[in-house]
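Input: a single structure, listed below in structure tokens.
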Amino acid sequence: MAGNLKGNATLQDLNEMKYLDCVIKESMRIYPPVLFFGRNVEKEYNMNGKTIPAHTSLLIFVIAMNYNEAIYPDPYRFDPQRFDADQRMTTQNPFEYVPFGGGQRNCIGQKFAMLEVKTVISKIVRNFQILAPEDGLESKDGYISTLYGPQRARAPKPDKYVPTLLHAITLRAESGLHLRLRERK
Numbered sequence: 191m192a193g194n195l196k197g198n199a200t201l202q203d204l205n206e207m208k209y210l211d212c213v214i215k216e217s218m219r220i221y222p223p224v225l226f227f228g229r230n231v232e233k234e235y236n237m238n239g240k241t242i243p244a245h246t247s248l249l250i251f252v253i254a255m256n257y258n259e260a261i262y263p264d265p266y267r268f269d270p271q272r273f274d275a276d277q278r279m280t281t282q283n284p285f286e287y288v289p290f291g292g293g294q295r296n297c298i299g300q301k302f303a304m305l306e307v308k309t310v311i312s313k314i315v316r317n318f319q320i321l322a323p324e325d326g327l328e329s330k331d332g333y334i335s336t337l338y339g340p341q342r343a344r345a346p347k348p349d350k351y352v353p354t355l356l357h358a359i360t361l362r363a364e365s366g367l368h369l370r371l372r373e374r375k
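Our numbering numbers the first residue of the sequence shown as 191 and each following residue consecutively.
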């Protein structure tokens, strides 16, 4: 944006916002917009020693993949660098990150959706500081306070600002997202 923080971002500006891309992708890894999707297996597959017969319907549980330590080490840590193209492993399977589905039936609007999200977030960040709902609630170690699976049983009681997640077809915060904005000068 070359110092023009108050102007509107152009398509070129948005395409150059690589770190914002990483932040959005890491956010969608932690809170995937779609929790699961279905696929029909057209031919027989062997997966982890198990045979999946042809014409089997599968349900892909995206959020479980996103918190799998074999795919994402330290999965409860917010780490946008996971998605830095310069640091990603070339051996990584492209189907390990599927916030918009994958394969031939992925979301046709994903590029538009990403541009839309980047436009809105970049406009907010260029004009406001985003703050925790109260002073002192900022993450000091980069870990999120929403836990899934076995970690949930060991988690301390969350404060009133941790979003209550509603798991329906899409994931949403039933209790809203609490934050403060301070205008940039």
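Each residue gets a CB set at the ideal place from its N, CA and C atoms; glycine is no exception. The structure displayed is predicted, hence computed values, not measured ones.
- Residue burial is scored here from C-beta neighbours: N256 has at least 16 other C-beta atoms within 10 angstroms and is therefore classed as buried.
- Judged by DSSP in its simplified three-state form, S365 adopts coil rather than helix or strand.
- For K350, there is no enclosing beta strand (DSSP E), since its DSSP letter is neither H nor E.
- Residue burial annotation: V310 is exposed, with fewer than 16 other C-beta atoms found within 10 angstroms of its C-beta.
- Taken in chain order, the whole alpha helix (DSSP H) runs of length 4 or more contained in the segment 197-255 are 201-205, 208-220.
- DSSP places F268 outside both helix and strand once states are collapsed to three, so it counts as coil.
- Each of K233, N258, R267, H245 was checked against the Cα of V213, and the nearest Cα belongs to R267.
- Checking the DSSP bridge columns, you'll see L195 has no partner listed.
- A residue is called buried when at least 16 other Cβ atoms come within 10 angstroms of its Cβ; K308 meets this threshold and is buried.
- Taking all protein chains in view, the Cβ of A199 is crowded by 16 or more other Cβ atoms within 10 Å, so the residue is classified as buried.
- For I261, the three-state secondary structure derived from DSSP is coil.
- A contact between stretches requires three or more CB pairs, one per stretch, nearer than 8 Å, and the segment 239-259 meets this requirement with the segment 218-226.
- The continuous beta strand (DSSP E) containing I320 extends over residues 318-321.
- At the C-beta level, A322 and L369 come within 8 Å of one another.
- D276 sits exposed, since fewer than 16 C-beta atoms from the chains shown fall within 10 Å of its C-beta.
- Per DSSP, reduced to three states, the secondary structure at E328 is coil, with no helix or strand assignment.
- When beta bridges are read from the DSSP output, Y333 appears opposite R267.
- Annotation for R295: no beta strand (DSSP E) segment contains it, and DSSP assigns it neither H nor E.
- Per the coordinates, the alpha-carbon of E216 lies some 25 Å from the alpha-carbon of R374.
- Between the C-alpha atoms of Y235 and E364 there is a straight-line separation of about 39 Å.
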